[in-house]
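Reviewing the structure listed below.
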Amino acid sequence: MSELLSIQDIQRRFPGRRTPIDVLRRKPVSELVAVAGVSLQVQPGEVLGIVGESGCGKSTLARLAVGLHPPDGGSVRLLGEEMHGPDPAGRIQMVFQDPYASLNPRMSIGALLSETLQRYRPDLNPQQRKDEVIGVLGRVGLPPEIAARYPHHLSGGQRQRVSIARALSPRPRLLVADEPVSALDASVQAQIINLLQRLVAEDGIAIIFISHDMQVVRHLCDRVAVMYLGEIVEMQPVEALFANPLHPYTRALIAAVPDIQNRRSAKGPPVSGELPDAFTRITGCRFRLRCPLAESTCKAPQELRQFDAQTAVRCWKTSVERIAP
Ligand SMILES: Nc1ncnc2c1ncn2[C@@H]1O[C@H](COP(=O)(O)OP(=O)(O)OP(=O)(O)O)[C@@H](O)[C@H]1O
Ligand SMILES: [Mg+2]
């Protein structure tokens, strides 16, 4: 039985922005590497977290996964089938950070959910479609009256529920949620996280959950991929990641979380310096310019070393003994 989603060595570059002076001087367009060869798998019903600093390529990876960006290399397979663009059957759906920007302000909630249903489930008749709209609103905890309202009538939390309802209406197997709670107040964040947990528990939906918030990731995710400058530097089951972070960058991310009482991570070095931009060509380990443990060996290319099916790290200094229980 194949995985739900399998991403193989996916890559995406963007042309850099040029100033008018660059154009006058005929400076060639430089390219930035947003995603530099990422592979990952998602199993049915699994919640995979993706963490990393701003600009490390999380949103680009999310868009590649759902087919919103064509890759420059590599492939995405959904249930064993290679994808070319968004899945016409709607089996992978995306939920964005800003629910206001992603909902058409001129359409009532009922109309926009109906539109999505018409696109993905054209077999439904108008009455069945109406019933589905009410049903899917109920699944995200909204009353039927919401169907007649417009996005500007709703609170931020209600709007995010509507975005989730829309994402659920094609009956997807996987949601790719790109910072879905970052724009919301803490109590509303908690409600949305509860809702996502319920969808996993009750419907067996899988989620790729992108977040800056390590505590939310710890609470919600089964497994975590840590990204740095377009690459995965570590992958572990969530509890192992927090108990025994393997990559110096992961240790720094966890050490920066104030409330996590973990002796090992409390000793972790803080991340110093700024994230280099994605234009910077760095030989070998891309983290070495900020890594407190860096030495000359780190200038050699670093493989993502797989220790077992769930555990991989891109740092030669991590020994297998560190991973033993
Ligand atoms: N459409 C685009 N055109 C040009 N450059 C882009 C585009 N989208 C992303 N980038 C660049 O690619 C890199 C990765 O961006 P991306 O948005 O994927 O990062 P991110 O990890 O999602 O960051 P954040 O946490 O701020 O959302 C950045 O350097 C960004 O400027
Ligand atoms: Mg992003």
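For the record, in the sequence shown the residue sitting at position 99 is 99 according to the numbering used here, with numbers rising by one throughout.
Even for Gly, the Cβ is constructed at its ideal location relative to N, Cα and C.
Every value quoted in this text rests on a predicted model; they were computed, and no experiment measured them.
Proximity test, residue i beta-carbon vs ligand 2 heavy atom, cut-off 7 Å
{"i": "Ser-211", "result": "no"}
{"i": "Glu-231", "result": "no"}
{"i": "Asp-277", "result": "no"}
{"i": "Asp-98", "result": "no"}
{"i": "Asp-329", "result": "Absent from the structure is residue 329, since the part of the chain shown begins at 1 and ends at 325."}
6 Å CB neighbourhood of residue i in its chain, flanking five on each side removed
{"i": "Glu-53", "result": "Leu-275"}
{"i": "Leu-246", "result": "Glu-234, Val-313 and Thr-318"}
{"i": "Gln-236", "result": "Thr-311"}
{"i": "Ile-208", "result": "Leu-48 and Val-176"}
{"i": "Arg-288", "result": "Ala-294 and Cys-298"}
{"i": "Asp-98", "result": "Ala-183"}
{"i": "Gln-41", "result": "Glu-3 and Ser-6"}
Given residue i as reference, the closest of the options once Cα atoms are compared
{"i": "Leu-32", "options": "Pro-301, Ala-309 and Leu-229", "result": "Leu-229"}
{"i": "Leu-175", "options": "Leu-304, Asp-22, Gly-49 and Leu-124", "result": "Gly-49"}
{"i": "Thr-19", "options": "Ser-30, Ala-165 and Arg-13", "result": "Ser-30"}
{"i": "Ile-334", "options": "Pro-86, Leu-289, Ile-92 and Gly-67", "result": "The question about residue 334 has no answer here: the residues shown for the chain are numbered 1 through 325."}
{"i": "Glu-303", "options": "Ala-111, Gly-85, Arg-286 and Val-47", "result": "Arg-286"}
{"i": "Leu-103", "options": "Val-162, Met-83, Val-47 and Ala-34", "result": "Val-162"}
{"i": "Glu-295", "options": "Trp-316, Arg-305, Gly-67 and Asp-98", "result": "Trp-316"}
{"i": "Arg-166", "options": "Asp-203, Leu-196, Thr-116 and Ala-183", "result": "Thr-116"}
{"i": "Ala-300", "options": "Pro-292, Gly-284, Leu-124 and Gln-197", "result": "Gly-284"}
{"i": "Pro-71", "options": "Met-83, Gly-138 and Leu-137", "result": "Met-83"}
{"i": "Arg-198", "options": "Ala-240, Asp-185 and Gly-138", "result": "Gly-138"}
{"i": "Phe-14", "options": "Gln-128, Gln-41 and Gly-55", "result": "Gly-55"}
{"i": "Ile-146", "options": "Gly-110, Pro-122, Gln-118 and Gln-128", "result": "Gly-110"}
{"i": "Gly-85", "options": "Glu-202, Gly-67 and Arg-26", "result": "Gly-67"}
{"i": "Ala-252", "options": "Pro-292, Val-42 and Asp-277", "result": "Pro-292"}
Check whether residue i and residue j have beta carbons under 8 Å apart
{"i": "Val-238", "j": "Asp-222", "result": "yes"}
{"i": "Leu-4", "j": "Val-38", "result": "no"}
{"i": "Glu-179", "j": "Ser-155", "result": "no"}
{"i": "Val-257", "j": "Gln-215", "result": "yes"}
{"i": "Glu-231", "j": "Ala-312", "result": "no"}
{"i": "Val-140", "j": "Ile-164", "result": "yes"}
{"i": "Ile-21", "j": "Ala-65", "result": "no"}
{"i": "Ala-120", "j": "Ser-169", "result": "Note that residue 120 corresponds to Tyr in the displayed sequence, not to Ala. Going by C-beta atoms, Tyr-120 is nearer than 8 Å to Ser-169."}
{"i": "Arg-149", "j": "Ser-182", "result": "no"}
{"i": "Gly-57", "j": "Val-23", "result": "no"}
{"i": "Gly-135", "j": "Gln-191", "result": "no"}
{"i": "Glu-132", "j": "Leu-124", "result": "yes"}
{"i": "Ile-193", "j": "His-153", "result": "no"}
{"i": "Ile-51", "j": "Val-226", "result": "First, the residue type needs correcting, since residue 51 is Val and not Ile in the sequence shown. A contact, by the Cβ cut-off of 8 Å."}
Sequence-distant residues of its chain with Cβ nearer than 7 Å to residue i (five each side left out)
{"i": "Lys-267", "result": "The predicted model places Lys-267 with a pLDDT of 44, which falls under 50 and marks its position as unreliable; any figure quoted below should be read in that light. Cβ neighbours of Lys-267 beyond the five flanking positions: none."}
{"i": "Lys-130", "result": "none"}
{"i": "Tyr-100", "result": "Pro-151 and Arg-159"}
{"i": "His-69", "result": "Arg-12, Thr-60 and Arg-63"}
{"i": "Asp-9", "result": "Gly-37, Ser-39, Gly-73 and Gly-74"}
{"i": "Ala-309", "result": "none"}
{"i": "Leu-112", "result": "Leu-103, Asn-104 and Arg-166"}
{"i": "Gly-337", "result": "As shown, the chain starts at 1 and ends at 325. That puts residue 337 outside it, with no answer to give."}
{"i": "Ser-114", "result": "Arg-129 and Val-133"}
Near ligand 1: residue i beta-carbon under 7 Å from a heavy atom
{"i": "Thr-60", "result": "yes"}
{"i": "Ser-54", "result": "yes"}
{"i": "Ala-65", "result": "no"}
{"i": "Ala-256", "result": "no"}
{"i": "Phe-287", "result": "no"}
{"i": "Gly-57", "result": "yes"}
{"i": "Ala-243", "result": "no"}
{"i": "Ala-34", "result": "yes"}
{"i": "Phe-14", "result": "yes"}
Other residues of its chain near residue i: CB distance less than 8 Å, five sequence neighbours each side excluded
{"i": "Asn-262", "result": "Caution applies to Asn-262, whose pLDDT of 49 falls short of 50 and renders its modelled position unreliable; the model cannot decide the point."}
{"i": "Ala-89", "result": "Tyr-120 and Pro-170"}
{"i": "Pro-172", "result": "Gly-90, Arg-91, Ile-92, Gln-93 and Ile-205"}
{"i": "Gly-45", "result": "Val-200, Gly-204, Ile-205 and Ala-206"}
{"i": "Val-95", "result": "Gln-160, Ser-163, Ile-164, Ala-167, Leu-175, Val-176, Ala-177, Asp-178 and Pro-180"}
{"i": "Val-217", "result": "Gly-49, Val-51, Phe-209, Ser-211, Val-224 and Val-238"}
{"i": "Leu-195", "result": "Val-140, Gly-141, Arg-161 and Ile-164"}
{"i": "Gln-43", "result": "Glu-3, Leu-4 and Ala-206"}
{"i": "Asp-277", "result": "Leu-32 and Gly-55"}
8 Å Cβ cutoff, residue i in contact with chain C
{"i": "Pro-122", "result": "Protein chains in the displayed structure number just one, and chain C is not present."}
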